[in-house]
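Below is one structure, written out as structure tokens, with a few remarks after it.
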Amino acid sequence: MLTRESLLNWAMITALLIVPLAAWSLDEPFIITLATKAAILALAGVGLNIALGLGGMISLGHAAFFGIGGYAMGILAAHAQNYEPLFEWPFLFEGSNQMPLIWLVAVVFSALAALVIGVLSLRTSGVYFIMITLAFGQMLYYFAISWSAYGGEDGLSIWVRNEFPGLNTLDPIQFFAIAYVILCLALVFAARLARSPFGLALAAARQNEDRVEAVGLTPFTLRLTAFVISGAITGLAGALFADLNRFVSPTMLSWHTSGEIMIFVILGGVGRLYGPVAGAALYIMLEHLLGGVSDYWQIFLGLLLLLIVLFARGGLIGALVGREKAHG
Amino acid sequence: MSLLSLQGVEASYGPAQALFGVDLEIDEGQVVALMGRNGMGKSTTIKTVCGMLAASAGRLQFDGHDLRRLPSHKIARLGIGLVPEGRRCFAPLTVEENLIAPARPGPWDFKRVAELFPRLQERRAQKAGSLSGGEQQMLTIGRALMTNPRLLILDEATEGLAPVVRQEIWSAVAHLKANAGLAILVVDKSLKELSAIADRAVILSKGSNAWSGGLEALPAETADRFLGV
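Protein chains in written order, with the working numbering: chain A, 3 to 330; chain B, 636 to 864.
As structure tokens, this is what we get:
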């Protein structure tokens with residue numbers, strides 16, 4: 003069934019493909035890079051949206067997963083490029099410059115971090131949950147700042163982008179293709195998750211915990227699972243983002259980054275499947291267009307966010323298609 | 636041995652004691668009515684069974700398991716399906732989603748629930764919050780059945796519904812008794828319908844048992860005194 007929302011979703015995801023393709027034929031690599039950045043940030047938002055939109059968990063610590071993904075890329079690639087083994091026991095491992103392996107490491111480590119953070123912070127709710135996730139994020143931020151082995155405050159640069167079998171990742175349009183395909187897969191996954199019994203139970207738990215327990219489901223386990231999935235996807239986005247910039251720094255872990263990811267979700271519409279795509283694309287466009295006008299372009303972003311929160315609670319997508327659907 | 640067994644159960648809301656020793660036995664496949672006027676402890680008894688309120692004294696067993704320190708989701712998983720008072724469905728989810736979310740394997744699936752309540756089949760894609768009261772009640776019963784319970788607890792399932800709809804709910808309960816082999820604990824005030832369906836009744840007064848037995852043997856003055864009908 004084609005609702006207005008699904009039409010809009012198709013339009014957005016198609017536009018995100020057509021713009022870089024057009025830029026490619028016009029030989030405008032910078033635009034392609036902007037589109038890649040939008041796709042990757044949207045992926046981070048898709049991750050957060052599973053916790054925030056579907057599970058009702060207001061996490062202000064998703065930069066932790068984004069940064070862990072980034073550092074997974076940075077550490078593996080740095081060792082591979084410097085020919086210094088990462089570890090020699092129980093087997094020799096010299097790091098890696100292969101994206102699939104880097105992604106796997108990023109996903110596993112951000113999922114583990116989400117598990118630990120989730121177990122501890124999901125015992126609380128409301129403002130305490132926000133504060134605890136924020137605290138964990140900042141803990142990792144300060145750890146990264148003092149971790150001199152991997153650049154400390156200055157961060158870690160990678161000279162050559164990592165490799166993907168069969169592709170030239172240094173070609174902007176090919177790297178865009180990788181990010182775009184992953185984003186599409188994540189969207190398909192998120193859509194299926196929302197309609198699965200698990201996703202429905204999670205949505206039910208967001209609405210009423212007691213009722214969910216009365217039918218034999220555990221809100222804590224549901225939320226923890228969603229939080230881990232959410233963290234893993236945001237971690238994958240972090241690895242891609244670091245590869246895009248060929249640079250990772252503690253900034254990726256700062257609460258400012260958590261806020262930005264949350265802004266994509268809120269701009270686009272909390273709980274809307276394609277909300278993060280709309281939000282991240284708008285953010286990148288504003289940054290590009292207004293960034294040239296003034297260094298303080300974020301004032302306009304702030305105004306827009308204010309307007310959306312006050313007058314369009316369903317975000318951009320909600321404003322365009324109406325408030326009927328809460329998820330899906 | 637009884638499926639559900641309560642002996643001398645006491646419970647309090649903070650300093651206010653509400654149950655002063657409730658006894659209740661339900662066997663496999665039996666329908667038991669829990670009756671009494673408002674504020675006599677019917678809903679409190681059910682809350683205690685379902686783990687939403689801790690019993691301060693007494694024995695609470697389901698199929699040999701001690702229910703007293705179990706959290707409510709574990710109690711539900713043992714096979715107790717609660718249809719809470721006030722038709723509490725998940726309003727933003729559709730009818731079908733409400734039913735899929737708590738589903739556990741067993742004979743009850745969406746198809747069978749839809750056979751029991753054909754209206755849910757018609758409304759499967761509609762948001763639960765937009766259903767009529769009677770349909771929401773059918774949905775909460777369906778939702779409890781989807782967990783494939785051995786004991787179904789109906790707390791005031793027909794309260795505030797139109798007579799036609801009440802009749803539909805009662806015939807569904809009768810159908811469940813005849814065909815599903817479920818034990819059912821019904822809290823309700825309709826003496827007439829309960830007499831037709833319940834194997835036994837327990838009447839509570841001021842938080843403890845006042846009378847129990849088959850409803851056909853309920854003396855008129857007892858009914859008058861404890862049920863106010």
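All C-beta atoms, glycine included, are put in the ideal place defined by N, C-alpha and C. Given the structure is predicted, the values throughout are model-derived calculations rather than measurements.
For residue 274 of chain A, there are no C-beta contacts with chain B under 8 Å, since the nearest C-beta of that chain is about 14 Å from it. In chain B, no part has a C-beta under 9 Å from the C-beta of residue 170 of chain A; the shortest such distance is about 45 Å. It is roughly 12 Å from the alpha-carbon of residue 844 of chain B to the alpha-carbon of residue 645 of chain B. When secondary structure is reduced to three states using DSSP, residue 846 of chain B falls in the strand class.
Burial state of residue 13 of chain A is exposed, judged by a 10 Å Cβ sphere holding fewer than 16 other Cβ atoms. Around the Cβ of residue 144 of chain A, a 10 Å sphere holds fewer than 16 other Cβ atoms; the residue is exposed. One thing to note: residue 818 of chain B has its Cβ within 8 Å of the Cβ of residue 663 of chain B. Residue 702 of chain B sits away from residue 676 of chain B, with the two beta carbons spaced by 8 Å or more. Looking from the CA of residue 212 of chain A, the closest CA among B:777, B:764, B:737 belongs to B:737. Counted as a single uninterrupted DSSP element, the stretch harbouring residue 760 of chain B is not any beta strand (DSSP E), since DSSP gives it neither H nor E. Residue-level contact by beta carbon fails for residue 277 of chain A and chain B, as no gap is shorter than 8 Å. Nearest C-alpha to residue 809 of chain B among B:648, B:787, B:839: B:787. DSSP places residue 55 of chain A in the helix class (H, G or I) of the three-state scheme. Taken atom to atom, the span from the alpha-carbon of residue 108 of chain A to that of residue 774 of chain B is near 43 Å. Within the segment 700-712 of chain B, the residues whose Cβ lies closer than 9 Å to any Cβ of chain A are, in chain order, 706, 707, 708, 709, 710, 711, 712. Nearest to residue 126 of chain A by C-alpha distance, out of A:159, A:84, A:61, A:96, is A:61. If you draw a straight line from the Cα of residue 200 of chain A to the Cα of residue 226 of chain A, it is about 12 Å long. Contacts with chain B at 8 Å (Cβ-Cβ) include residue 220 of chain A. Within the model, the alpha-carbon separation for residue 24 of chain A versus residue 173 of chain A is close to 15 Å. By the CB criterion at 8 Å, residue 790 of chain B and residue 742 of chain B fall outside the cutoff. Around the beta-carbon of residue 671 of chain B, 16 or more other beta-carbon atoms lie within 10 Å, marking it buried.
Assignment of residue 160 of chain A by DSSP, reduced to helix, strand and coil, places it in the coil class. With contacts defined by Cβ atoms closer than 8 Å, residue 835 of chain B and residue 847 of chain B form a contacting pair. Here the alpha carbons of residue 785 of chain B and residue 860 of chain B stand approximately 33 Å from one another. Excluding residues up to 5 positions away in sequence, 773, 777, 807 lie with their Cβ nearer than 7 Å to the Cβ of residue 752 of chain B in the same chain.
The continuous beta strand (DSSP E) containing residue 645 of chain B extends over residues 639-648. Taking a Cβ-Cβ cut-off of 9 Å, the neighbours of residue 717 of chain B in chain A comprise 216, 217, given in sequence order.
For the segment 726-739 of chain B, the set of positions with a beta-carbon nearer than 8 Å to some beta-carbon of chain A reads 726, 727, 728, 732, 733, 735, 736, 737, 738, 739 in chain order.
At a C-beta separation below 9 Å, residue 687 of chain B has these neighbours in chain A: 212, 215, 216. Under the Cβ distance rule, residue 782 of chain B counts among the residues neighbouring chain A, one pair being separated by less than 8 Å. Counting along the chain, the unbroken alpha helix (DSSP H) around residue 260 of chain A starts and ends at 257-270. With the rule of 3 Cβ pairs closer than 8 Å, the segment 86-99 of chain A does not count as touching the segment 263-281 of chain A. Within the segment 817-833 of chain B, not one residue has a Cβ closer than 9 Å to any Cβ of chain A. Note that the C-beta distance between residue 780 of chain B and residue 748 of chain B is below 8 Å. Inclusion of residue 209 of chain A and residue 160 of chain A in the CB contact set at 8 Å is not warranted, their separation being larger than that value.
Closest by C-alpha distance to residue 220 of chain A, out of A:233, A:40, A:205, A:232, is A:205.
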